[in-house]
Structure formats: structure tokens, C-alpha cells
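One structure is given here, and the rest of the page talks about it.
There are 2 protein chains.
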Amino acid sequence: MNKERLYLYDTTLRDGAQTQGVQFSAKEKQQIAAVLDGLGLDYIEGGWPGANPTDTEFFANPPATRARFTAFGMTKRQGRSADNDDVLGAVLNAGTAAVCLVGKAHDFHVTTALGITLAENVDNIRTSFAHLARLGREALFDAEHFFDGYKANPAYACEVIHAAYAAGARWIVLCDTNGGTLPEDIARIVTEVIASGIPGDHLGIHTHNDTETAVAGSLAAVMAGARQVQGTLNGLGERCGNANLTTLIPTLLLKDPYASRFDIGVTPDALRGLRRASRLLDDMLNRVPSKQAAYVGASAFAHKSGLHASAIAKDPSTYEHIDPAAVGNMRIVPMSNQAGQSNLRARLAEAGITVAADDPALARIVERIKEREAQGYAYDTAQASFELLARAELGLLPNFFEVKRYRVTVERRRNKRNQMVSLSEAVVVTKVQGQKFLNVSESLGPDGSDRGPVNALARALAKDLGPYQAMIEDIELVDFKVRITGGGTEAVTRVIIDSEDGQGNRWSTVGVSANIVDASFDALIDAINWKLVRDGAQA
Amino acid sequence: MNKERLYLYDTTLRDGAQTQGVQFSAKEKQQIAAVLDGLGLDYIEGGWPGANPTDTEFFANPPATRARFTAFGMTKRQGRSADNDDVLGAVLNAGTAAVCLVGKAHDFHVTTALGITLAENVDNIRTSFAHLARLGREALFDAEHFFDGYKANPAYACEVIHAAYAAGARWIVLCDTNGGTLPEDIARIVTEVIASGIPGDHLGIHTHNDTETAVAGSLAAVMAGARQVQGTLNGLGERCGNANLTTLIPTLLLKDPYASRFDIGVTPDALRGLRRASRLLDDMLNRVPSKQAAYVGASAFAHKSGLHASAIAKDPSTYEHIDPAAVGNMRIVPMSNQAGQSNLRARLAEAGITVAADDPALARIVERIKEREAQGYAYDTAQASFELLARAELGLLPNFFEVKRYRVTVERRRNKRNQMVSLSEAVVVTKVQGQKFLNVSESLGPDGSDRGPVNALARALAKDLGPYQAMIEDIELVDFKVRITGGGTEAVTRVIIDSEDGQGNRWSTVGVSANIVDASFDALIDAINWKLVRDGAQA
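Chains as they are written, first to last, in full-length UniProt numbering: chain D, 1 to 539; chain F, 1 to 539.
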């Protein structure tokens with residue numbers, strides 16, 4: 001069957017850079033461009049050459065991408081010729097094969113924000129695209145506020161885009177700049193634009209997520225005939241973000257009617273790298289990945305309900321809309337008080353522990369988990385503590401070391417310069433293979449500041465564990481979550497610690513106590529034990 | 001104009017409880033039910049009575065809600081009568097006015113997961129709803145896997161829901177259990193179901209966000225005729241979550257065609273509490289609020305681009321699809337504090353502090369809050385700390401006492417009976433009206449057990465504050481939440497403490513430091529200062 005070509009245009013490096021709290025360096029832009037190119041996108045918009053030093057530096061050494069590398073800018077300003085507008089000149093001087101210029105399609109914005117006449121605006125747009133056509137560049141017109149403009153004054157909005165199209169723009173990109181247009185309106189307006197004479201294979205769609213429908217709006221535009229979709233990785237972007245390509249790509253590739261009607265540049269093999277691409281971007285930006293993200297989130301294929309888990313064991317398609325491996329993700333069957341033995345065996349198998357269905361230890365493990373959860377433990381995320389608990393019941397957990405006692409002190413007082421400063425100090429006494437180790441550590445951050453009692457304990461604990469030292473030396477405490485459970489006078493503190501080793505393995509452990517330091521200490525002990533089990537240490 | 005009634009059904013406490021990492025206590029369910037009821041939802045589904053101890057406890061003392069409080073369960077099992085099924089019995093015994101029972105609408109699941117015949121399944125469903133009808137309960141049929149079932153075998157999927165409807169179910173809820181159905185398919189199938197004879201005002205829609213289109217799918221179902229929408233606050237739920245009511249509510253209330261066609265139970269006044277409701281749930285669950293969340297996210301009305309910001313200054317509607325105040329949110333415009341100030345005055349007025357619109361302290365307070373938030377502080381819930389900060393800038397905060405130094409020690413060792421026990425001890429030195437107080441306290445729970453370093457500090461601090469002692473004696477630390485912010489090497493710990501006094505007043509304070517004990521101590525100091533201000537203490 002003949003499929004139609006659908007083009008993907010990435011604006012992570014331009015519109016994505018408008019995310020609050022995100023600031024790319026030129027070097028990061030290089031790295032991200034490589035990730036995007038690996039996915040197989042058709043266009044990569046790099047930024048606005050001349051608008052700021054980062055973009056100017058980035059375009060001076062553009063990445064070598066298979067995708068069309070694109071510069072963004074704006075149509076020529078009023079009162080200058082296209083030749084003599086230095087802002088437009090800087091964009092064109094970047095020398096990219098494709099150039100995307102923004103212009104206003106909403107009459108209200110022309111008069112209110114630009115302060116020029118409607119005819120002047122149309123003329124500026126026409127002249128700019130005629131100039132690009134003369135230079136032989138592939139030209140895209142970013143029709144800002146198109147949908148709001150079309151609702152207010154359809155004749156003018158159409159006049160603007162037809163002027164750009166007639167002057168030689170290859171693509172007319174209909175932008176829902178404020179993100180307020182719902183999918184049904186997008187579908188209707190795209191249909192009307194095509195009826196007005198601009199063919200669908202010259203139309204792009206650019207949506208924002210202000211009503212949580214950016215993905216659906218993009219799909220609606222494709223169904224109505226648009227053949228270019230713009231978006232960002234992980235839905236980065238101003239305010240609530242842009243249409244999320246991390247979601248759109250698998251939907252277009254795996255789900256009908258899209259999969260059978262369209263070809264996109266992304267191969268099934270590249271799709272298996274999607275989860276990793278999403279994580280790389282989060283890591284680069286030091287953002288916490290969204291667990292609930294469609295397709296790529298850590299929870300996207302997590303089956304917590306016991307009814308679901310037992311059906312999944314019979315056939316994964318009972319509760320999964322796609323195979324998680326297709327996007328490089330995996331199934332998680334967490335253990336919680338809602339789950340039963342089928343969850344348990346599936347989860348143990350994932351940890352490499354095979355247990356026969358009739359093993360009486362299974363019932364003991366479920367009992368023990370219920371008992372611990374009633375005390376405040378939570379094993380949904382703390383997979384490493386879960387494994388240790390199961391191993392203990394199965395007789396598969398060596399007794400590597402014993403903690404005899406510890407003491408931690410936090411002190412706050414004025415220093416010589418009369419500033420209030422803190423100091424934490426921990427002493428930990430352990431016994432390893434008959435030998436006693438007495439370790440002491442302060443808690444110091446990279447800048448010499450105090451990081452608190454849990455950090456001091458972790459350092460003292462990992463300072464010298466005798467024969468195990470080499471295995472635990474590179475463990476780092478990377479995240480730390482605390483909450484009070486139970487409430488009232490019986491409140492206890494639950495601590496979940498994420499640890500990471502030098503090879504980038506990450507694991508979560510849990511500790512519970514009325515005393516936050518004790519709870520943290522228990523989680524730290526689990527973190528070390530899990531690493532020792534994983535590395536095959538002998539007791 | 002005559003509007004149609006559209007009903008909102010909340011399942012935060014049932015399907016939302018399936019979120020990985022989320023575990024509600026019965027007390028938290030009470031608190032969340034109150035928040036949901038304040039928004040004006042029509043139905044609040046509380047959980048599954050009998051399925052686990054938490055839900056059984058919650059239904060034994062159901063919350064007094066204006067909304068219809070609903071119990072969830074499943075249709076009777078094969079081989080029992082509806083009268084003799086103890087699982088169904090436990091659900092009905094909860095005595096709720098409305099009952100929602102799940103049953104399978106997908107032939108593949110009936111034979112694969114249940115292992116019964118298609119006819120047996122229909123009969124179980126029919127019998128269950130006939131039983132509910134005899135008992136006079138408002139009955140909802142949760143048609144599990146309806147959309148996948150309809151795609152595979154439309155005749156059977158329809159037979160199942162018609163059996164429930166004919167037997168007396170008030171609502172047939174069409175569930176996209178696996179979350180893989182796209183909006184256009186939902187619209188088509190809802191249209192066909194209505195054509196098959198079930199009126200739209202008896203149809204509900206229940207979607208999941210596995211393709212990031214749960215909100216759009218719900219809207220598509222409403223456009224096709226369904227008149228009940230199910231979802232959760234903040235989109236909690238299994239895997240990628242349920243349809244997000246925090247997004248759907250403002251869209252239905254503010255945006256056409258929905259706003260002009262439908263009445264929902266949420267008033268414009270309740271809508272202004274939406275952002276706060278969303279944050280309260282996140283705080284309760286100790287989840288990091290999504291900055292990019294539609295309508296309620298901290299970035300939802302943040303205008304980072306310079307072009308956008310200057311247009312916003314001319315007219316906010318240039319780059320905003322709704323007025324942020326409508327959902328209790330606010331505009332963030334870097335370089336301009338104008339927007340923040342009117343919000344600030346309103347919040348100060350709530351705290352009983354009147355400030356003139358032209359008071360230069362307003363700008364200073366906004367600056368100070370921004371500065372502190374950049375350090376990791378959060379003032380959304382910590383209203384007491386916010387008030388203290390504002391009072392300090394306004395010259396309205398007396399200097400009641402000064403902390404000279406403190407020291408806290410946690411020790412864990414074996415006692416005489418060879419049990420591991422902990423002991424925390426704190427020394428706090430304060431200066432009150434020129435007099436020095438040196439206090440020491442252990443940390444002991446009601447049962448004599450150790451409650452940890454923060455408890456010891458709170459006790460030592462409140463042991464003797466000289467002239468203020470009578471005012472602070474009855475302060476109790478009732479909740480304690482900890483979060484790591486910033487990430488990486490610059491991570492800091494944020495502690496939010498809830499305190500309560502003998503008259504049942506409750507207030508929240510915040511502290512931030514790389515050291516968790518320091519952060520807690522700062523929050524404790526704020527808690528005491530706020531109480532002294534509130535009780536009119538003199539410095």
C-alpha cells in the first residue's frame with residue numbers, strides 16, 4: 001500500500017529553550033542535536049542566529065545532521081528592505097538549507113503588538129519570502145497566532161498565509177501560539193485552510209499544551225490534512241510546553257490509522273532508543289523524568305492493581321496498549337498491599353530470582369511485605385529493598401556485615417567571623433568477618449559546606465568496610481525522599497534513598513522509623529547490601 | 001439559553017490510588033475527599049470496601065460530602081448468587097447511595113482472564129445490576145476494556161452494556177482501560193453506542209493517558225454525547241494516569257463550545273481554588289508539582305520570551321488563553337513584578353495585613369520571595385512562613401527571641417537486654433529579652449520510644465522561652481514533609497512542618513538547608529514566631 005510522507009520538525013532547541021528554568025549552552029545544543037538526529041527527525045531547528053550569543057556560537061559551528069538543520073528568525077521589519085534588515089540578515093548568514101520565519105496572522109496583534117497596518121504586515125511577509133525564494137532557501141512561514149487570528153478574522157489570517165505561500169514559502173506552519181485552541185477547532189480550521197487553496201502537503205501544525213491537548217491537536221491537524229508536525233522532545237517549551245514528540249512519534253509509528261497511512265523518518269530501530277533519548281535530555285537538563293510520561297515514563301507499563309497483574313501474567317496484551325520494548329521501555333509489576341503472589345513471582349523473575357509457583361516462601365514473602373507495609377514501608381519504588389527482603393526469606397542473602405552502633409551529632413553555632421554555621425559528624429562501628437571497624441566522618445559538600453547527618457552517616461559507613469570496600473566505594477547518594485506515614489502519635493518516618501554507582505546503575509531502598517536518622521540509616525544499609533549482592537560478594 | 005447538565009465523577013481515591021508510589025491512609029482519604037467536595041464534583045468514588053484494610057476503615061466512617069459518595073467493586077462472581085457473593089456483599093454493606101461495579105466488555109478478557117463463557121459473563125452482569133436495582137441504589141457499570149472490546153467484537157461489547165442498562169444501571173461508563181484508544185476512535189464508538197440505543201445522558205467516559213490524549217478523548221466523548229466524565233485530580237492513576245480533572249474542569253467551564261453548552265457543578269468561585277486544590281494533593285502525597293501542568297502549573301502563565309513579555313505588558317490576552325486568576329494561578333513575567341503585586345496584596349489581606357497599593361514594600365516582598373524560592377523555599381502551603389517574611393519587610397515582626405546555638409545527637413546501640421535502641425538528645429541555647437536560656441531535651445514518644453532529632457529539638461526549644469512559655473507550651477508538631485530540591489551537587493533539603501495548638505489551629509512553616517536538621521530547625525523557629533505573632537506577644 002502506498003503511504004503518504006509525514007514530516008517531523010523538531011523545535012526543542014528553539015521553542016524548547018523557552019521552558020522556565022532551561023538554559024542550553026552551545027555545547028548542549030550540539031549534544032541534543034545528535035540525539036534528535038539519531039531518532040530520525042526531518043528538521044532540526046537550532047535557534048535564532050544573532051538573537052543571543054549562544055545561538056550565534058551554535059550556528060557558527062553547526063552540527064552535521066542528516067536532518068535539515070534550520071535557522072529561525074522573523075520576517076523583515078517595517079521600513080527596511082529584506083536586503084537591509086540586519087536581524088533577517090543574521091539569520092540568513094547562518095547559511096542553513098532551511099529557514100523558518102515568524103510573522104503575525106492575527107489582526108489584533110498586528111495593530112496592538114506591532115503597531116503597523118494590516119496591509120504593511122502582509123507586504124513585509126510577502127517581501128521576506130520572495131527574498132528567500134531568490135536565495136534558493138527552503139522557506140517555512142511560522143504563522144503566529146494563526147488559530148486565534150482565524151477565529152477573529154478568517155479573511156485576514158488567510159490573506160497572510162496565502163501571501164507567504166504565493167511568494168514561495170515551502171511550508172505554511174499554522175501555530176496555536178497561546179495553546180488555547182481545542183482539537184476540534186484545529187481540525188475544522190485546517191480543513192478550511194486546505195479548502196482555501198493551500199495543499200495539505202504544504203501545511204504544518206505547531207501546538208502548545210495549555211489545555212493538555214497539544215498531542216491531540218497535532219493528530220487532529222494531520223487527520224484534517226496537514227503533513228508537517230512540529231514539537232519538542234519531552235514536551236519542553238514556553239508555559240505548559242509544546243506538542244510532545246516523545247509521544248507523537250510512537251503514536252504515528254505504532255497506532256492506526258496513522259501507522260498504516262503514513263511514513264515518517266523514524267525507523268522501528270530508532271524508536272527503541274526513544275526512552276533513552278528522553279532520559280538523556282532530562283539528565284542533561286538535570287530535570288526529574290516524569291514517571292507518568294506516555295510511552296517512556298518509568299510508570300508507563302507499571303501494573304499495580306492485583307487484578308491487572310494476574311491478567312498480565314496470562315497475556316501482557318490484557319493491560320498493555322503496546323509492547324513496552326518497542327519504545328525501549330519495560331514492564332514493572334510493583335509489590336504493594338494490593339498485589340498477590342502472581343505479582344510477586346513476576347517481580348522476582350525480573351530480579352533474576354526464579355521461584356517455583358508452589359514454593360511456600362512465596363506466601364511468607366507476601367506476609368512479610370504486608371506486615372512491613374503496615375509499619376510504613378513502601379516497596380513500589382524501593383525495588384532493591386524488596387529484593388533483599390525476598391532474598392532473606394528465600395535464604396539467599398549472605399550476612400555481609402553487622403552494625404554494632406553509631407552516633408551522629410549536628411551542631412550549629414557562631415564561627416570566628418560571627419556567622420551561624422553547622423557541622424555534622426558521624427561515628428559508625430561495624431563488624432565484618434569477625435573484625436571491628438570504627439569509622440568517623442564529617443559531612444562536607446563540594447564547596448566545604450555541611451550536608452547534614454545522613455550524608456555524614458553514609459560517608460562513615462562507606463569509609464572502610466574491609467574486604468568489601470572496593471565494591472562500595474563508588475556508591476553515591478543521589479536522591480532522598482522523606483515522608484511521614486501513619487499520622488498522629490504513631491507517626492513514623494519513611495525514607496527512600498536512591499543510590500548510584502560508577503557504572504550508572506541506580507537503585508532505591510527504603511527505611512522506616514520514628515527517628516528520621518534511623519530510617520535513613522536502614523535505607524543506607526540496604527543500599528550497600530544490594531550492591532554487594534549484585535556484585536556477587538561473598539560473606 | 002438552556003444548558004445541558006454534564007456530571008463529573010472523581011476517582012482519585014480509587015483509580016488514583018493505583019499510581020505507582022502512592023499509598024493513601026484512611027485519614028488522607030478523608031482530607032482529599034474534603035478538597036474534592038470543595039471543588040463541587042458530582043460523584044466521589046472512595047475505594048473498594050472490603051478489598052483492603054484502608055478502604056474498609058475509610059468506608060466505616062465515610063466523609064460527609066455534598067457529592068454522591070460512591071463505593072467501587074466488581075459484579076458478582078461466577079457460581080454464586082448476587083446475594084451470596086461476599087466480595088459484592090462487602091461493597092454493598094458500605095451503604096453508599098451510589099455503587100459502581102466493574103465488569104468485562106471485551107470477549108478476549110472474558111475467556112482469557114476470567115475463564116468463563118461469554119454468556120456467563122453477560123448473565124453475571126445482568127444479575128448484579130438487577131440486585132442493585134432491587135436495593136434501590138444508584139448503579140454505575142464500569143465497562144472495562146470497552147473500546148478495545150468494541151473494536152474486536154462490537155456485537156458482544158454492546159450486548160454486555162445493554163444487559164447492564166436494561167437491568168437498571170443508571171450509568172454505563174465506557175472505559176478505555178489500557179489507554180490506547182485515540183480521540184477520533186472514542187468519538188466514533190460513543191456515537192455508535194448512542195445509536196445502538198443507550199442515551200448519551202446515561203453514558204460516562206473513563207480514559208487513561210497512555211497516549212497523552214486522555215483529556216482530548218474525554219472531550220471527544222462529550223462532543224459525541226456522553227454526559228458523565230470520570231477522572232482524577234492531577235491526573236493520578238495507574239501507569240500514565242487517568243484523565244486529568246484539574247485540566248478538564250477549567251476547559252469545560254471556560255472554553256467553548258463546552259462553556260456555552262454545559263452546566264457542571266463547579267462554580268467560578270470554586271474554580272479559583274483549583275490551583276490550591278492541586279497543590280494540596282501534591283503536598284499531601286509529597287509529590288513535586290508539575291511546573292508545566294495546564295492551567296495550574298507554576299509555569300502555566302510564565303512568559304519567558306522577551307517578545308511575549310513586552311506584548312503581555314500591552315495586553316495580557318496577546319499571549320494568554322485565559323485569565324490566570326480564574327484558576328487561582330498567576331502570571332510570571334521576568335523583569336516585571338507588576339503582575340505579582342495584586343496577588344500579593346490579596347494574600348496579605350487574607351492574613352489580616354492591609355497594605356496600600358503604592359507601598360514600596362510590596363516590590364521588596366515579591367523580590368524576597370523570588371530570591372528565597374530560587375534557594376528552594378516554597379510558600380504555596382507554608383502560609384505562616386510567608387506571613388512572617390512579609391511582616392519582616394513591612395516592619396511588623398518583633399524580634400521575640402534569638403537562638404545562640406544548638407546541638408543534637410542521635411545514638412543507636414544495644415541496651416542491657418541486647419536490643420538495638422536509639423536515643424536523641426538536643427541542647428538549645430536561646431536569649432530572650434536579655435536573658436539566656438539553656439535547655440536540654442530527649443525525644444520520647446508516648447510509648448517511651450525515641451522520636452528522633454527534630455522532635456528533640458522542638459522539645460528543647462519549647463521547654464523554657466521565659467515570658468513566652470505559656471503561649472507556646474501547647475504547640476505540637478503534627479506533620480513533617482521533606483523534599484530534596486535543586487538536584488545534583490547543589491541539592492538542598494526543604495522541610496515543611498505543620499504545627500497545631502490546643503485550640504486546633506494549624507499552620508505550616510518552611511525551612512531550607514543542605515542539612516535536614518538545620519532546615520527543620522528553621523521551620524520550627526518560624527512555627528513558634530507565627531504563634532507568638534498570632535497571640536499578640538510583645539517583644
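For each residue, glycine too, the CB sits at the ideal point set by N, CA and C.
Between which two residues does the beta strand (DSSP E) containing Ile-172 (chain F) stretch? Counting from 1 along the second sequence, the entry for residue 172 (chain F) is found at position 172. Note, Ile-172 (chain F): beta strand (DSSP E), 171–175.
Select from D:Asp-55, D:Gly-50, D:Tyr-43 the residue whose C-alpha is nearest the C-alpha of Phe-24 (chain D). Sequence index remark: in the first sequence, residue 24 (chain D) carries index 24 (1-based). A check of alpha carbon separations from Phe-24 (chain D) across D:Asp-55, D:Gly-50, D:Tyr-43 identifies D:Asp-55 as the nearest.
Going by the CB atoms, is the gap between Ile-44 (chain F) and Thr-65 (chain F) shorter than 8 Å? As a working note, residue 65 (chain F) is residue 65 in the second sequence. As a working note, residue 44 (chain F) is residue 44 in the second sequence. Yes, the pair counts as a contact, with Cβ atoms nearer than the cut-off.
Helix, strand or coil at Val-454 (chain F) [DSSP, three-state]: As a working note, residue 454 (chain F) is residue 454 in the second sequence. Reduced to three states, the DSSP call for Val-454 (chain F) is helix.
Starting from Glu-138 (chain D), follow the beta strand (DSSP E) in both directions and report where the run begins and ends. In the first sequence, residue 138 (chain D) corresponds to position 138, counting from 1. Where Glu-138 (chain D) is concerned, the enclosing beta strand (DSSP E) stretches over 138–144.
Span of the alpha helix (DSSP H) around Trp-530 (chain F): Translated into the one-based positions of the second sequence, residue 530 (chain F) becomes position 530. Element bounds for Trp-530 (chain F): 516–534.
Looking at the structure shown, is Gly-40 (chain D) part of a helix, part of a strand, or coil, going by DSSP? Mapped onto the first sequence, residue 40 (chain D) falls at position 40. Gly-40 (chain D) falls in the coil class under three-state DSSP.
If you draw a straight line from the C-alpha of Thr-177 (chain F) to the C-alpha of His-145 (chain F), how long is it? As a position in the second sequence, residue 177 (chain F) is number 177, starting the count at 1. As a position in the second sequence, residue 145 (chain F) is number 145, starting the count at 1. Approximately 5 Å between the Cα atoms of the pair.
What did DSSP end up calling Phe-24 (chain F) once you bin it into helix, strand or coil? Walking along the second sequence from the start, residue 24 (chain F) turns up at place 24. The three-state secondary structure of Phe-24 (chain F), taken from DSSP, is coil.
Return the first residue and the last residue of the beta strand (DSSP E) that Lys-255 (chain F) is part of. Mapped onto the second sequence, residue 255 (chain F) falls at position 255. For Lys-255 (chain F), no beta strand (DSSP E) segment is defined, and its DSSP state is neither H nor E.
According to a CB-to-CB cut-off of less than 7 Å, which residues of the segment 445–473 of chain D neighbour chain F? Answer in chain order: Gly-445, Pro-446, Ser-449, Asp-450, Arg-451, Gly-452, Pro-453, Val-454.
By the criterion of Cβ-Cβ separation under 7 Å, what are the contact partners of Ala-113 (chain D) in chain F? Sequence index remark: in the first sequence, residue 113 (chain D) carries index 113 (1-based). Here the neighbours are Ala-311, Lys-314, Thr-318.
Lys-531 (chain D) classed as buried or exposed, judged by whether at least 16 other C-beta atoms fall within 10 angstroms: Along the first sequence, read from residue 1 onward, the residue named residue 531 (chain D) stands at position 531. Burial check for Lys-531 (chain D): the Cβ neighbour count within 10 Å reaches 16 or more, so the residue is buried.
I'd like the span of the beta strand (DSSP E) that includes His-162 (chain D), first residue to last. Translated into positions along the first sequence, residue 162 (chain D) becomes position 162. Careful: His-162 (chain D) lies outside any beta strand (DSSP E), inside the alpha helix (DSSP H) at 154–166.
Over what stretch of residues does the beta strand (DSSP E) that includes Thr-509 (chain F) continue unbroken? To locate residue 509 (chain F), count along the second sequence from 1; it is residue 509. From DSSP, the beta strand (DSSP E) with Thr-509 (chain F) extends over 506–513.
Buried or exposed for Leu-140 (chain D), please, with buried defined as at least 16 other CB atoms from any protein chain shown within 10 angstroms of its CB. Position 140 of the first sequence, counting from 1, holds the residue named residue 140 (chain D). Burial call: buried.
8 Å contact criterion, which His-206 (chain D) and Cys-240 (chain D) should meet: CB distance rounded: Here residue 206 (chain D) corresponds to residue number 206 of the first sequence, with the count starting at 1. Here residue 240 (chain D) corresponds to residue number 240 of the first sequence, with the count starting at 1. In fact, because the Cβ distance is near 14 Å, the residues do not count as touching under 8 Å.
Indicate whether Val-327 (chain F) and Leu-274 (chain F) have their beta-carbon atoms separated by less than 8 Å. Residue mapping note: residue 327 (chain F) aligns to position 327 of the second sequence, counting from 1. Residue mapping note: residue 274 (chain F) aligns to position 274 of the second sequence, counting from 1. Going by C-beta atoms, Val-327 (chain F) is nearer than 8 Å to Leu-274 (chain F).
Would you check if the segment 494–509 of chain D and the segment 347–361 of chain D touch, i.e. whether three or more CB-CB distances between them fall below 8 Å? Contact fails: fewer than three Cβ-Cβ distances are below 8 Å.
By the 9 Å beta-carbon criterion, what residues does the segment 285–300 of chain D contribute toward chain F? For chain F, the residues of the segment 285–300 of chain D that bring a beta carbon within less than 9 Å of one of its beta carbons are Asn-286, Arg-287, Val-288, Ser-290, Lys-291, Gln-292, Ala-293, Ala-294, Tyr-295, Gly-297, Ala-298, Ser-299, Ala-300, in chain order.
Quick one: does Ala-339 (chain F) have its CB under 8 Å from some CB of chain D? Looking up residue 339 (chain F) in the second sequence gives position 339. Legend: pLDDT at Ala-339 (chain F) = 44, less than 50; position of this residue unreliable, value from coordinates given subsequently. No, no contact with chain D.
Does any residue of chain D have a CB that is nearer than 8 Å to the CB of Thr-211 (chain F)? Sequence index remark: in the second sequence, residue 211 (chain F) carries index 211 (1-based). True, the Cβ-Cβ gap to chain D drops below 8 Å.
Write down every uninterrupted run of the alpha helix (DSSP H) in the segment 39–125 of chain D whose length is 4 residues or greater and which is fully enclosed by it, in chain order. Counting only runs of 4 or more, we get 53–60, 86–93.
Quick one: complete beta strand (DSSP E) runs, 3+ long, within the segment 186–266 of chain F? Within the segment 186–266 of chain F, the runs of beta strand (DSSP E) that reach at least 3 residues and sit entirely inside it are, in chain order, 203–206, 228–231.
Cα-Cα separation, Asn-399 (chain F) to Ala-382 (chain D): Within the second sequence, the letter at position 399 stands for residue 399 (chain F). Within the first sequence, the letter at position 382 stands for residue 382 (chain D). Looking at the two C-alpha atoms, the distance is approximately 45 Å.
Does the Cβ of Arg-68 (chain D) lie closer than 7 Å to at least one heavy atom of the ligand SAM? Absence of the ligand SAM is noted for the structure shown, with no ligands found whatsoever.
Tell me, please, whether the segment 427–439 of chain F touches the segment 385–404 of chain F by the rule of three or more beta-carbon pairs shorter than 8 Å. Taking 8 Å as the limit for Cβ pairs, the verdict is that the segment 385–404 of chain F does touch the segment 427–439 of chain F.
So if DSSP puts Arg-412 (chain D) in a beta bridge, which residue, or which two residues, is it bridged to? The residue you call residue 412 (chain D) lines up with position 412 of the first sequence. DSSP, once it has assigned bridges, lists D:Ser-422, F:Tyr-406 as partnering Arg-412 (chain D).
Asp-359 (chain F), DSSP secondary structure in three states: Within the second sequence, residue 359 (chain F) is the residue found at index 359, counting from 1. DSSP, read as helix, strand or coil, puts Asp-359 (chain F) in coil.
How would you label Val-288 (chain F), buried or exposed, when you count the other beta carbons within 10 angstroms and need 16 or more for buried? What you label residue 288 (chain F) is simply residue 288 of the second sequence in a count that begins at 1. Val-288 (chain F) counts as exposed, since fewer than 16 other C-beta atoms from the protein chains shown sit within 10 angstroms of its C-beta.
For Ile-365 (chain D) versus Ala-390 (chain D), is the C-beta distance shorter than 8 Å? For the purposes of this step, residue 365 (chain D) is taken as residue 365 along the first sequence, with counting starting at 1. For the purposes of this step, residue 390 (chain D) is taken as residue 390 along the first sequence, with counting starting at 1. A contact, by the Cβ cut-off of 8 Å.
Given that a residue counts as buried once 16 or more other Cβ atoms are within 10 Å of its Cβ, and exposed if not, what is Met-330 (chain D)? Against the first sequence, residue 330 (chain D) aligns to sequence position 330. That one is exposed.
Quick one: Cα of Glu-184 (chain F) to Cα of Ile-369 (chain D), how far? Taking the first residue of the second sequence as position 1, residue 184 (chain F) is located at position 184. Taking the first residue of the first sequence as position 1, residue 369 (chain D) is located at position 369. Distance between the alpha carbons of Glu-184 (chain F) and Ile-369 (chain D): 43 Å.
By alpha-carbon positions, which one of F:Gly-352, F:Ala-221, F:Val-454, F:Cys-100 ends up nearest to Val-428 (chain F)? On the second sequence, residue 428 (chain F) is found 428 positions in, with the first residue counted as 1. The shortest C-alpha separation from Val-428 (chain F) is found at F:Val-454.
Taking CB distances under 8 Å as the criterion, tell me whether Met-330 (chain D) reaches chain F. Taking the first sequence and counting its residues from 1, one reaches residue 330 (chain D) at position 330. Look at Met-330 (chain D): its C-beta is not under 8 Å from any C-beta on chain F.
Flag this pair as yes or no: are the beta carbons of Asp-37 (chain F) and Ser-422 (chain D) separated by less than 8 Å? Within the second sequence, the letter at position 37 stands for residue 37 (chain F). Within the first sequence, the letter at position 422 stands for residue 422 (chain D). Against a cut-off of 8 Å, the Cβ pair of Ser-422 (chain D) and Asp-37 (chain F) comes out as no contact.
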